[in-house]
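Working notes, beginning with the structure itself.
Residue numbers (mature numbering (1 follows the signal peptide of the UniProt record, and there is no 0)): -22 to -1, 1 to 269.
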């Protein structure tokens, strides 16, 4: 008798587990295909009461988004704000009415995104979403992603490493390590000296070699010494760093010693300098050269 009961309970447990697994698999399949259609194919009409509960809730701060229309409005920003979209699920698993998805989103910011005008920048971000299902429909979602990285890729926030990169560049220049300075420049860097500066005759200098020959070599040839002093770095938006500093040097041709205020605006991308703009008192430099 006891063996019969054990056998019955075992069969019942297997049956219940099988049913539960089938339910989870069905939920995952429905969930995955729905979001593939919505994001990759831009089919926002699938955000309806067939696939989502009427009170579908997106958990977020400071206030949750509740209801199909609000939910659709929110995700329309991703569909209309980005082109060349690739939304992939790296992993999806579930238990009961809960699903966890690990996803990757790639795209080009080519349209308005939550009021942000198109930047033309590409994004590649990963995140995790916790999902609750109800009666085979999506009832609740909560996304977790590194918003700081996302905004940095859009160019709205700067990479926090930018200041350190520029600081290292100035240190290398001060130590006479010009190859290390050039290594910090992008292969197609656009370098502009201040208008009116003698070295602006080659503007814009394109590429590290042009900067070396058109600016650095000439500075070295024209001066007994040339130093950068009182350097202060200021982190800016759009992956830019502003440096305020002074040029201190001695001209070879007339022996004049000078101390001139200057500023440099650096633009970076992926850890490399892609643009440089110099600002300096060019009249003072010209007057010094004439003495």
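By construction, the Cβ of each residue, glycine as well, lies at the ideal position given by its N, Cα and C atoms.
Model, not experiment: these values are computed from the prediction.
Could you tell me if residue i is buried or exposed, where buried requires 16 or more neighbouring beta carbons within 10 angstroms of its beta carbon?
i, result
"residue 278", "Absent from the structure is residue 278, since the part of the chain shown begins at -22 and ends at 269."
"residue 175", "buried"
"residue 126", "exposed"
"residue -9", "Caution is warranted here: a pLDDT of 44 is assigned to residue -9, below 50, making its placement in the model unreliable, and no coordinate value can be reported."
"residue 122", "exposed"
"residue 50", "buried"
"residue 5", "buried"
"residue 272", "Residue 272 lies beyond the residue range present for the chain, which begins at -22 and ends at 269; the question has no answer from this structure."
"residue 256", "buried"
"residue 183", "buried"
"residue 73", "exposed"
"residue 140", "buried"
Assuming residue i and residue j are in contact, meaning their beta carbons sit under 8 Å apart, how far apart are those beta carbons, in whole angstroms?
i, j, result
"residue 8", "residue 114", "7 Å"
"residue 57", "residue 22", "6 Å"
"residue 46", "residue 32", "6 Å"
"residue 164", "residue 250", "4 Å"
"residue 59", "residue 89", "5 Å"
"residue 253", "residue 245", "4 Å"
Considering just the uninterrupted stretch of the alpha helix (DSSP H) at residue i, what are its terminal residues?
i, result
"residue 55", "46 to 59"
"residue 142", "140 to 152"
"residue 200", "195 to 200"
"residue 161", "156 to 161"
"residue 132", "125 to 132"
Quick one: grab the DSSP three-state call for residue i.
i, result
"residue 267", "helix"
"residue 231", "coil"
"residue -9", "For residue -9, the predicted model reports a pLDDT of 44, less than 50, meaning its position is unreliable; a value from the coordinates is still stated below. Three-state result, residue -9: helix."
"residue 249", "coil"
"residue 111", "strand"
"residue 22", "helix"
"residue 97", "coil"
"residue 175", "coil"
"residue 27", "coil"
Quick check on the DSSP output: the beta strand (DSSP E) that includes residue i runs from which residue to which?
i, result
"residue 82", "76 to 87"
Closer than 8 Å is the cut-off here; do at least three beta carbon pairs connect the stretch 126 to 136 with the stretch 206 to 224? yes
Three or more C-beta pairs closer than 8 Å, one from the stretch 36 to 45 and one from the stretch 66 to 74: is that the case here? no
Do the stretch 77 to 87 and the stretch 95 to 112 make contact, defined as three or more Cβ pairs closer than 8 Å? yes
Taking contact to mean at least 3 C-beta pairs separated by less than 8 Å, is the stretch 220 to 228 in contact with the stretch 202 to 209? yes
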